[in-house]
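K.L.:
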Amino acid sequence: DAGITQSPRHKVTETGTPVTLRCHQTENHRYMYWYRQDPGHGLRLIHYSYGVKDTDKGEVSDGYSVSRSKTEDFLLTLESATSSQTSVYFCAISETNRQNYGYTFGSGTRLTVV
Amino acid sequence: SQQGEEDPQALSIQEGENATMNCSYKTSINNLQWYRQNSGRGLVHLILIRSNEREKHSGRLRVTLDTSKKSSSLLITASRAADTASYFCATDGVQGGSEKLVFGKGMKLTVNP
Chain A
3 DAGITQSPRH KVTETGTPVT LRCHQTENHR YMYWYRQDPG HGLRLIHYSY GVKDTDKGEV
63 SDGYSVSRSK TEDFLLTLES ATSSQTSVYF CAISETNRQN YGYTFGSGTR LTVV
Chain B
595 SQQGEEDPQA LSIQEGENAT MNCSYKTSIN NLQWYRQNSG RGLVHLILIR SNEREKHSGR
655 LRVTLDTSKK SSSLLITASR AADTASYFCA TDGVQGGSEK LVFGKGMKLT VNP
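Line by line, the protein sequences are chains A and B. Residues 3 to 116 (our numbering) are what the first sequence spells out, left to right. Residues 595 to 707 (our numbering) are what the second sequence spells out, left to right.
Quick look at the structure:
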């Protein structure tokens, strides 16, 4: 999707290893979000950021950490990957004025923990 | 926990027919949004309706919002095979400090040619 890219697109990792997913935006949007999508659960918020170095937890934050050292990058780290973290991860961005604009989503990262 | 819940969970129609999807939510909102997701892709924003609006149109899409019933509907008119996708409603709540959308589980629309 224009203005937001996620990397890698696919990853297979072993249980217990750390994994970092990257979200990069060129829109200079203030807000950035990490969601996971699982069958039967829809999208659930993991963490979000409302500015450089400003982050907060979402609904399913256990086992995940994030960092935002510059406006354009939002990193999601699985500190010690578990099979329950096998999922599709989506990054999203939004304007400062959230009342009038929707989110723009990346194409997702499919993570498999074996 | 999910705020919005789409109904039905799956809908199959013929090309040219209208498709109606419903969303119910639990708490007060600033706005409600609808998204589409094609298989294997990210979500795409379709339309946003604010809490003080009752109806909104965008091309073949018509969204209504009834805040007294805490419900919204998305109507796709004259459906096409390309409309086959999953559709999600999402709510932007009014809770203090809330800065995030909460998504429903989604519903799958199949439009048969």
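The C-beta atom is built at its ideal place from N, Cα and C for all residues, glycine as well.
Between T678 of chain B and the ligand GDP, is there a pair consisting of the residue's CB and a ligand heavy atom that are separated by less than 8 Å?
P.N.:
As far as ligands go, the structure on display features none, and thus does not contain the ligand GDP.
K.L.:
If you follow the beta strand (DSSP E) that R32 of chain A is in, where does it begin and where does it stop?
P.N.:
R32 of chain A -> no beta strand (DSSP E), and no H or E assigned at all.
K.L.:
Could you please give the first and the last residue of the uninterrupted beta strand (DSSP E) stretch that includes S651 of chain B?
P.N.:
It is His, not Ser, that sits at residue 651 of chain B in the sequence shown. That run of the beta strand (DSSP E) goes E649 to S652.
K.L.:
Please name the residue or residues paired with R630 of chain B in a DSSP beta bridge.
P.N.:
The partner list for R630 of chain B (beta bridge, DSSP) reads B:V638 and B:Y681.
K.L.:
Under a three-way DSSP split, which group does S645 of chain B fall into?
P.N.:
Three-state result, S645 of chain B: coil.
K.L.:
What did DSSP end up calling A83 of chain A once you bin it into helix, strand or coil?
P.N.:
Note: A83 of chain A maps to coil in three-state DSSP.
K.L.:
Taking the straight line between their C-alpha atoms, what separation do you get for L655 of chain B and G598 of chain B?
P.N.:
Cα-Cα distance, rounded: 19 Å.
K.L.:
Using CA coordinates, which residue listed in A:H31, A:L78, A:V115 and A:T57 is at the minimum distance from L23 of chain A?
P.N.:
Comparing Cα positions, the closest option is A:L78.
K.L.:
In this structure, does DSSP put A675 of chain B in helix, strand or coil?
P.N.:
In the structure shown, A675 of chain B sits in a helix (DSSP, three-state: H, G or I).
K.L.:
Quick one: what does DSSP say H12 of chain A is sitting in, helix, strand or coil?
P.N.:
Strand.
K.L.:
Let's see if you can read the secondary structure: which residues bound the beta strand (DSSP E) around Y66 of chain A?
P.N.:
Unbroken beta strand (DSSP E) run through Y66 of chain A: Y66 to K72.
K.L.:
Go ahead and pull the three-state DSSP assignment for Q603 of chain B.
P.N.:
DSSP places Q603 of chain B in coil when its eight states are reduced to three.
K.L.:
Can you find a CB in chain B that lies within less than 9 Å of the CB of R46 of chain A?
P.N.:
R46 of chain A counts as touching chain B.
K.L.:
In this structure, what does DSSP give as the bridge partners for N625 of chain B?
P.N.:
DSSP lists B:R644 and B:D686 as partners of N625 of chain B.
K.L.:
Could you tell me if G690 of chain B is buried or exposed, where buried requires 16 or more neighbouring beta carbons within 10 angstroms of its beta carbon?
P.N.:
Confidence is the limiting factor: at G690 of chain B the pLDDT is only 48, short of 50, which leaves the residue's position unreliable, though a coordinate-based value still follows. So G690 of chain B counts as exposed.
K.L.:
Mark T648 of chain B as exposed unless 16 or more other C-beta atoms lie within 10 angstroms of its C-beta, in which case mark it buried.
P.N.:
Strictly speaking, residue 648 of chain B in this sequence is Arg, with Thr absent from that position. Its Cβ having fewer than 16 others within 10 Å, R648 of chain B is exposed.
K.L.:
Pull up the DSSP beta-bridge partners for I670 of chain B, would you.
P.N.:
In the DSSP output, where bridge partners are listed per residue, I670 of chain B has B:A613 and B:L655.
K.L.:
Roughly how many angstroms lie between the CA atoms of G634 of chain B and E74 of chain A, to the nearest whole one?
P.N.:
Between G634 of chain B and E74 of chain A, the C-alpha separation is close to 24 Å.
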